[in-house]
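Chemist:
There are 2 protein chains.
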Amino acid sequence: MSWLARQETHDYEENDNLGVDWVLQYEFGDLDQATAISEFRALIHDLTEAGLRVQVRPGHGSALLVCIRVPRDHLGKMVHQSRIKDWLFGITNTLPAGDEKTTATAATPSEEIRSVYHAVTWQKELGGAGITRKFGNWKNITASFPLHDRDACSELLSKWNRKTNLTVQDLDTIRALFGEKVAFYFAFIHCYSLFLVVPAALGILAWWFLGPYSIIYGSALCVWCVVFVEFWKVRESDLSLRWNVKGVGRLKLNRTQYVWEKEVKDPISGQVTRTFPAWKQFLRQMLLIPFASIASVALGGLIVFTFASEVFISEVYNGPLKEYLEFVPTILFSLSLPAITSFLTGIATHLTDYENHRTQDLYDLAQTQKTFVMNFITAFLPTLLTAYVYVPFGASIVPRLDILRRTGLDVNMANHKEFQVDTSRFQAEVIYLSMTAQVFSFTEEVVLPYVKHVLWQKWRNYRDHKAGLARQRSFSKSTDLLLIDPPGEAAFLRRVRGEADADEYKVEEDILEMCVQFGYLAVFGVAWPLVPLGFLLNNWLEVRGDFFKLTLECQRPPPIRADSIGPCVLGLDFLAWMGTLSTAAIVHLYRGPMAEVRLSSLLLTIFIAEQVYLGIRFTASTALQKVFSDTLRREEAGRYAVRKAFLESSQSQHGSPGSSSRVRQRVRFHERVNVYSSDSAPSPDGSPSPTGEQPQHDVLRGSDRESEFWTGREGDPADAGVKLIRALHAGQPRDDPKMTKLA
Amino acid sequence: MSWLARQETHDYEENDNLGVDWVLQYEFGDLDQATAISEFRALIHDLTEAGLRVQVRPGHGSALLVCIRVPRDHLGKMVHQSRIKDWLFGITNTLPAGDEKTTATAATPSEEIRSVYHAVTWQKELGGAGITRKFGNWKNITASFPLHDRDACSELLSKWNRKTNLTVQDLDTIRALFGEKVAFYFAFIHCYSLFLVVPAALGILAWWFLGPYSIIYGSALCVWCVVFVEFWKVRESDLSLRWNVKGVGRLKLNRTQYVWEKEVKDPISGQVTRTFPAWKQFLRQMLLIPFASIASVALGGLIVFTFASEVFISEVYNGPLKEYLEFVPTILFSLSLPAITSFLTGIATHLTDYENHRTQDLYDLAQTQKTFVMNFITAFLPTLLTAYVYVPFGASIVPRLDILRRTGLDVNMANHKEFQVDTSRFQAEVIYLSMTAQVFSFTEEVVLPYVKHVLWQKWRNYRDHKAGLARQRSFSKSTDLLLIDPPGEAAFLRRVRGEADADEYKVEEDILEMCVQFGYLAVFGVAWPLVPLGFLLNNWLEVRGDFFKLTLECQRPPPIRADSIGPCVLGLDFLAWMGTLSTAAIVHLYRGPMAEVRLSSLLLTIFIAEQVYLGIRFTASTALQKVFSDTLRREEAGRYAVRKAFLESSQSQHGSPGSSSRVRQRVRFHERVNVYSSDSAPSPDGSPSPTGEQPQHDVLRGSDRESEFWTGREGDPADAGVKLIRALHAGQPRDDPKMTKLA
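Quick mapping for you: the protein sequence lines, in order, are chains A and B. Going by full-length UniProt numbering, the first sequence opens with residue 1, and the numbers climb by one from there. Going by full-length UniProt numbering, the second sequence opens with residue 1, and the numbers climb by one from there.
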């Protein structure tokens, strides 16, 4: 993909963000003009009231782009306050120096953007503008996102193309650009891919010398799975300390949808917390069990039915159109799956709403849990059916399908010869899963959306151009000026429109995809020793493809913090456990002639495998925690140092322990924070600015283009927007009754 | 036992500790006089150099009792320093106010005695006297202990006799008297006994309506076991926060035996730590596996052999002396068990030494782990053999024993009738374990040692009296004065001599005993539903008996801190897991006729039971952690409050955040700290004393008797001791060649 990366660096004008921190897209195509105008005025009012600077530009079709900029001193204060809060909640150990009016410079772009995100989305009581996308009053705000840092992204991507392996610095860079939640995904795929080298190498040896269903390779694979999961747990906690996000969940704000039963004032800390009884929530969460049952029955039934009809048609049926009919079950399945999945997702969302989680994090976690259950069924059940039902029992089940068919209508069935189960079908499916399916999913996930996105943008631009021509000379000159992009901004605005139309990046989906891949390896890997090699190659591409998708196809996600990859760790545990049992069963079943397998010996094998699994897991977790306890020790040492410093300062009556730390000059507006060289840990004590030196207003010292963007069009942005709404409403080439009435 | 408690309160003179903080017993019977004198002078020198006051009295036989008292201002400083250290290591959240010269009053007797313990045992570099009992230079120090607080103990014991159930206040009292490690044991037995009420009630119902081997009762029992273990984990962490000992392991000092590879200076905190690679230690710890194998083979072989010979004699053999021979195997087993156990314990100790643990805590933990393995084998293997080998396979195995015998010598075997396995033997063994064995072990553990101790004391006193008569008129008058107890001290010294001769209290053994009991219930409980009732009744007595043993039969243990019951939690986990599998297997085997049981269905039952176990454990641990997360939340709130207070104080430039806390008068020497009303958490900020008010020397303001004890005999305690050594050496009624030479 290096050509793409290079292609993207050509245009400085396009890549410059002109000091825009955040963009809202307001769509008013479905509203009448008066409502649209009043809503829009309220929006601008809320934003300016929260101390944000605003510029309005036309978007695609009947949409406005609201460019938001947080004045630097306001932003610096927010960053400082956020660090103080981190310290109060014990996320970091160093209290940033300074008082209430101190402004701090963000250590990373993501820290800066997180404060911008807070300024835009937090409730007014907390000092934000209270703009929640697609919720409540703001249901017509269809996009709310920060702009990508194109230069940094393409630099990173082209850097990755020159080497095979990511480093911790690369992960730090991702964290600096996109926040910890995204960085954890890349850390996971990186760690997982590195670990994959071991079974890939073993797999080549096993493929050469042992063949499939080897006991040695199977055991090695199980041990590897367990060790990897335990290692990742340690690694995760390590990273969360490195990135200063350990336990970050507890300082997150309540969701607006959170229903609390009583307010509790803590006797020790004086904090008022809004609580909801934990046991009630747990009971509600127990509804996961009926949900999982329903999902299993619905999806499982569909899969069993598809599987049975497919087997029937391919193995038994011999009538006309066989070659076409063979595809019918799969096509029907693919067509009905989205409907069923979306129905189940609907139930899942209702359940998660009902569970009443305090923070968005916990809510997402609960929702991901349910998605995991559904994904697990659709991803694993077909192959499980092949491995444990079709191949072992096919010889007795399939002829019955035949009989069922025959008793109904007696079509011309040619050969009633003894049915032979194709025992290699299971292996063939595993090979398909590890090679073809991975390529398909990559295409589906990265390539297709990109093509679609590019074509769609071209079509929108063409349509806008036509609409612009149609509108010509119908408005006042000042409106015209608003409608036409100034030459200096044109490329930039094209890009912003593109990003506003792009999809949101859902990191949970990518994490789930990797978990499913790990699951394939753990559960079915023993059937074909080259599976890990296939996955390893795929992941080399996947990590780049996902970064490409993140930077060029999706909106930049708000840099949310997290201290793990979430509930997927539990999923990995479950998959490693199931993998052990399944590997034991597959090896036992498929090694020799299947007819000779006795149920009691099979059960004994599985039972022993489970005990071995429990033993290995215990040993691995103890050993890894012991050996890699370095970070934890360092964290303790950090805490100790804080307390020690405080003790010394309080005993020598100095007061503020940070007062001796060096005072750094505030970073000027346009100076780009270098994401490569920034420290892995923000140094919260490094950047206080004495209160007196603060600029009274947000003076733009950046490039001329920036200052032109923010000051070139004097006048109320609300008025400009209203003019644009009127113009765009009129110029829209749609047969909307309201629009024609107003025009 | 109330009569005992009351009997003990009769004598004020005996119960008063006369301000003695610590007692060392120096035995010199095996040394020549010159060595004994020089060793003793070194001892007194080290103690006085460390700032401790010393008085010497004769002990039993050729032993001296060295009574130690830490001057109150020295003690107060140590208490304060220890609190500062707790705060530095993050054990407590509140920084005690004051500077380096502040003296603090201990909140509990155990806090005070812990500082005394440190003053006596810590190395000289750390400000202690460096006296380690039975180690290095001090191998003739045979006892090192604080004196019991008789009044408080008997008050507590008589209080317990008036009620059926302990309260948290009682646990707090135990903590105040004996420290957290002992308190955790009582908390565990208390929590476990309370939980036992549920299966006891269910058991009565099951006994009445369902009979043994009921599926319903078995399932309930398994669920109960899992829930109890998970609850205890939550409870333990709750208590460790309540008692301010969470994570206390990390501030413990290195063992003197610890071998470090390099000194690492922490870049953040500046602490110098002596490290030993964790992976190396882990590899060494892996030797547990061969050790467990050897122990299993040794003990298991012995048990199997005993079992087989017993069965052979009782079921097959029919020759002469049958009624006597039947007991021979058990007697031989009982006789050889101590030898084998002590051999294995020796190996275990060597292994633990080799593992090179940093602190005594970790060392004890590793040793307990190995003891657990041995205990597990001796406690469970016999009954497991009955349940899973003798009853199911006895019919085919026992006749073979017969044949083996017959081929050798053809003794007169009367009836060669078909051998019938006695299927009720398993149940009979379980009934024995839950009733008779418990009573036996209680007698063995509490009653016998008490009788032995009392008789032994009487014998020693009688012998001392005789030796005193033999010595009469052979020494100077001043030596005689030293040899004869002054009337005011006689009762007190009799008690001190008794305590010096008493055993050490090993809390780990009591914890292990409870774990084994829990294991019996989990593993075999389903065979007889009244097992939990038996255990419940036993535990009512056990908790009182153990407290009786602790206070009247053993030396007062140094109040060591701990934040859990140690490795036994892992043992409980293991027993709950094994219990589930075993209950499933027993119910499956014993419910119907055993001949009809098929291996595959048995394996399936066990396999399903294991999955259910994993499921329940996961659910229980999630639910309990969610519901009982209150303490953790409170701890977080506590941390938050500390940081908040610090932030405010540092912003208002006050400096020391604790400066506003009230200054309390130091508690006078004799004022007894009331262990009942003392706060559960020591309030470290409540008791600083301004530096200026400190007394220049430790003025005794207590009773006359106390001041007489400490000042009545002026002169160097070392000289007094030397005189006593000479006198006692001479007066000892033994035919020691050295003694006769010197006399």
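Note that CB positions come from ideal geometry on N, CA and C, so glycine has one too. The structure displayed is predicted, hence computed values, not measured ones.
#1: Buried or exposed, going by whether 16 or more other CB atoms sit within 10 Å of the CB of Gln257 of chain B?
#2: Considering just the uninterrupted stretch of the beta strand (DSSP E) at Trp22 of chain B, what are its terminal residues?
#3: Does any residue of chain C have a CB that is nearer than 9 Å to the CB of Gly90 of chain A?
#4: When the Cα of Leu210 of chain A is compared with those of A:Val722, A:Val526 and A:Pro717, which residue comes out closest?
#5: Could you tell me how far apart the beta carbons of Asp149 of chain B and Pro109 of chain B are, in whole angstroms, since I believe they sit closer than 8 Å?
#6: Are Leu65 of chain B and Leu493 of chain B touching if we call contact CB-CB under 9 Å?
#7: Could you pull out every unbroken alpha helix (DSSP H) segment of at least 4 residues lying fully inside the segment 510-556 of chain B, listed in chain order?
#8: Using 10 angstroms around the beta-carbon of Val430 of chain B, count the other beta-carbons present and answer buried if the total reaches 16, otherwise exposed.
#9: Determine the closest residue to Gln25 of chain B out of B:His60, B:Glu610 and B:Ala379, with distance taken between C-alpha atoms.
#10: Looking at chain B, is there any beta carbon in it that lies within less than 9 Å of the beta carbon of Glu27 of chain A?
#11: For Gln427 of chain B, name the three-state secondary structure that DSSP assigns.
#12: Closer than 7 Å between beta carbons: that is the criterion. Which residues of the segment 576-607 of chain A meet it against chain B?
#13: Helix, strand or coil for Ser564 of chain A, going by three-state DSSP, please let me know.
#14: Where Val56 of chain A and Ala437 of chain A are concerned, what is the direct C-alpha to C-alpha distance, given to the nearest angstrom?
#15: With 16 other CB atoms within 10 Å as the buried threshold, where does Val245 of chain A fall?
#16: What does the Cβ neighbour count give for Ile725 of chain A, buried or exposed, with the cut at 16 atoms within 10 Å?
#17: Out of A:Asn140, A:Lys77, A:Val272 and A:Asn137, which one is the CA nearest neighbour of Glu111 of chain A?
#18: Does the separation of the CB atoms of Asp503 of chain A and Glu445 of chain A fall below 9 Å?
#19: For Arg425 of chain A and Pro593 of chain A, what's the separation of their Cα atoms in angstroms?
#20: Do Ser237 of chain B and Ser621 of chain B have their C-beta atoms within less than 9 Å of each other?
#21: What are the residues in the segment 631-648 of chain B lying within 8 Å of chain A by C-beta distance?
#22: Please report the straight-line C-alpha distance between Gly203 of chain B and His190 of chain B, rounded to a whole angstrom.
#23: Lys626 of chain A versus chain B: which residues are under 8 Å apart at the beta carbon?
#24: Please report how far the alpha carbon of Phe618 of chain B lies from the alpha carbon of Phe628 of chain B, in whole angstroms.
#25: Hey, Ile560 of chain A and Lys181 of chain A are a contact pair by Cβ (cut 8 Å); roughly how many whole angstroms apart?
#26: Put Glu504 of chain A into one of helix, strand or coil per three-state DSSP.
#27: At the 9 Å Cβ level, is Lys723 of chain B part of the contact set with chain A, yes or no?
#28: Is the CB-CB distance between Phe535 of chain B and Gln517 of chain B below 9 Å?
#29: Using the rule of at least 16 other Cβ atoms within 10 Å of the residue's Cβ for burial, across every protein chain shown, is Leu448 of chain B buried or exposed?
#30: Along the segment 550-575 of chain A, where does the CB come closer than 7 Å to a CB of chain B? Name the residues.
#31: Going by beta carbon distance, what residues of the same chain come within less than 8 Å of Arg250 of chain B, once the five residues before and after it are set aside?
#32: What are the residues that DSSP puts in a beta bridge with Val56 of chain A?
#33: So, for Leu580 of chain A: in the same chain, excluding its five sequence neighbours on each side, which residues have a beta-carbon less than 6 Å away from its beta-carbon?
#34: Roughly how many angstroms lie between the CA atoms of Gly545 of chain A and Phe442 of chain A, to the nearest whole one?
#35: Thinking C-alpha only, which one of B:Ala129, B:Gly519 and B:Val328 is nearest Ser69 of chain B?
#36: Using a 10 Å radius around the Cβ and a threshold of 16 neighbouring Cβ atoms, would you call Met286 of chain B buried or exposed?
Modeler: Answer, in terms of the structure:
#1: exposed
#2: Trp22 to Glu27
#3: Among the protein chains of the structure shown, namely A and B, there is no chain C.
#4: A:Val526
#5: 6 Å
#6: yes
#7: 531-548
#8: buried
#9: B:His60
#10: no
#11: helix
#12: Leu599, Ser600, Leu603, Leu604, Ile606 and Phe607
#13: coil
#14: 45 Å
#15: buried
#16: buried
#17: A:Lys77
#18: no
#19: 15 Å
#20: no
#21: Arg634, Glu636, Ala637, Gly638, Arg639, Tyr640, Ala641, Arg643, Lys644, Phe646 and Leu647
#22: 20 Å
#23: Ala278, Trp279, Gln281 and Phe282
#24: 15 Å
#25: 5 Å
#26: coil
#27: no
#28: yes
#29: exposed
#30: none
#31: Phe89
#32: A:Val66
#33: It is Thr, not Leu, that sits at residue 580 of chain A in the sequence shown. Within the same chain, Thr580 of chain A has close Cβ partners Cys222, Ala609 and Tyr613.
#34: 8 Å
#35: The amino acid at residue 69 of chain B is misidentified as Ser; the sequence shows Arg. The shortest C-alpha separation from Arg69 of chain B is found at B:Ala129.
#36: exposed
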